[in-house]
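Visitor: Everything in the sequence shown is counted per my numbering, starting at 68 for the first residue and increasing by one.
Every residue gets a Cβ at the ideal spot worked out from N, C-alpha and C, and that includes glycine.
Just so you know, these numbers come straight off a predicted model, no measurement behind them.
This structure is in structure tokens; I'll ask about it shortly.
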Amino acid sequence: MHAITIPEPGGPDALAWTEVPDPVPDAGEVLVEVVAAGVNRADLMQRQGFYDPPPGASPYPGLECSGRIVALGPGVSGWAVGDEVCALLSGGGYAEKVCVPVGQLLPVPDGVDLVTAAALPEVTATVWSNVFLVAQLRPGETFLVHGGGSGIGTMAVQLAKAVGARVAVTAGGPEKLERCRELGADILIDYREQDFVEELDKVTGGVGADVILDIVGAKYLQRNVDALAVNGRLAIIGLQGGRKGELDLGKLLTKRAAVTATSLRGRPQAEKATIVAAVREHVWPLIAGGRVRAVVDRTMPMRDAAAAHRVLEESSHVGKVLLTT
């Protein structure tokens, strides 16, 4: 088969479309013939040499895919050759075939085509695990998501609205903010022109956000705490603004607030399977019912993965960028 490899870390041109050995499914795995794969910022970090795959994972980038099962490993039941699926991966999505643990497989939701399904596993698992399982967003609460126009952001807006939350977003520029409004965002903040703490204070009467989902990290750490409501929960899932920040613990104590930081890729298979099962139970019916949808900015040939990485680096996209085999 062919896969995108990274012979040496570097810029987008470090990605190479290379002939490699076919993977063979182990016990509890299936082999999926990939139709499409999602592009995530973690892939850019891996390409640059900053985010190695966890032990035992495929060395190729790609944390989600869609396709058809072409072989079953020993002990697999409940799935059959020919089933159309999408999957959460620890790596290997940028390839013509990939092995997937059965606990990380999902059926393609009703009403979603096979290519578009590749846009769903990583964002739904990330948002559901952090916003609902960890931060426990509840109906009527105020939720702030940074990067509202991203793949994570567009899904977070929709899921938070679906459970009855009031949704605030930060995004760069009126076009992205308008797309967020169309998805259900109530409070639109242009981070290039406005301070999100001040804007939240205005619209919430100084109460703040009950839950914040943050992809920025250190640069926003203290301001995120400033923006939290009493008993608020900050979930950090990205470090685009740096790894090390200063935190006023006194303010955190006064607000009785919580700060959590999680990643998905390196979790044990059992934890991933639990998250995927929760996504199938809670999110898949919302997608099938038309209340939540995948937002796809564009699809590109997998052999042109370098161009797709440039799109993400420019941050001109809204939603997901997909690669097709």
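Give every residue of the same chain whose Cβ lies closer than 7 angstroms to the Cβ of residue 151, excluding the five residues on either side of it in the sequence, and list them in chain order.
Guide: Closer than 7 angstroms at the Cβ level, and outside the excluded window around residue 151, lie 135, 175, 181.
Visitor: Go through its chain and collect everything with a Cβ distance to residue 373's Cβ below 6 angstroms, but skip five positions before and after it.
Guide: Taken in chain order, the residues that qualify are 79, 80, 82.
Visitor: For residue 308, which residues in the same chain have their Cβ closer than 8 angstroms to its Cβ, ignoring the five residues on either side in sequence?
Guide: Excluding sequence neighbours, residue 308 sits near 283, 284, 285, 286, 287.
Visitor: To which residues does DSSP link residue 84 through a beta bridge?
Guide: Bridge partners of residue 84: 71.
Visitor: Alpha carbon to alpha carbon, how far is residue 344 from residue 241? Give it in angstroms, no decimals.
Guide: Spanning the two alpha carbons is a distance of roughly 36 angstroms.
Visitor: Can you look up residue 382 in the DSSP assignment and give me helix, strand or coil?
Guide: Three-state DSSP puts residue 382 in coil, outside helix and strand.
Visitor: Would you mind sorting residue 59 into buried or exposed? The rule is 16 or more other CB atoms within 10 Å of its CB.
Guide: This structure does not reach residue 59, given that the chain is present from 68 up to 392, and the question cannot be answered.
Visitor: Following the continuous alpha helix (DSSP H) through residue 222, name the residue where it begins and the one where it ends.
Guide: First-last of the alpha helix (DSSP H) with residue 222: 218-229.
Visitor: What ranges does the alpha helix (DSSP H) occupy inside the segment 221-282, keeping only unbroken runs of at least 4 residues that lie completely in it?
Guide: Correct list: 241-250, 263-271.
Visitor: Would you kindly work out how many angstroms separate the C-alpha atoms of residue 214 and residue 239, rounded to a whole number?
Guide: One C-alpha to the other measures close to 8 angstroms.
Visitor: Helix, strand or coil for residue 330 per DSSP?
Guide: Reduced to three states, the DSSP call for residue 330 is coil.
Visitor: On the premise that residue 105 lies in contact with residue 185, defined as a C-beta separation below 8 angstroms, what is that separation, rounded to the nearest angstrom?
Guide: So it is a contact: roughly 5 angstroms between Cβ atoms.
Visitor: Might you give, ordered along the chain, the residues of its own chain that have their beta carbon closer than 6 angstroms to the beta carbon of residue 362, omitting 5 neighbours on each side?
Guide: Contacts found: 221, 386.
Visitor: Whose C-beta lies closer than 8 angstroms to the C-beta of residue 322 among residues of the same chain, with five residues either side of it excluded?
Guide: Around residue 322: 292, 295, 296, 297, 298, 299.
Visitor: Distance check for residue 314 and residue 165, CA to CA, integer angstroms please.
Guide: Between residue 165 and residue 314, the C-alpha separation is close to 42 angstroms.
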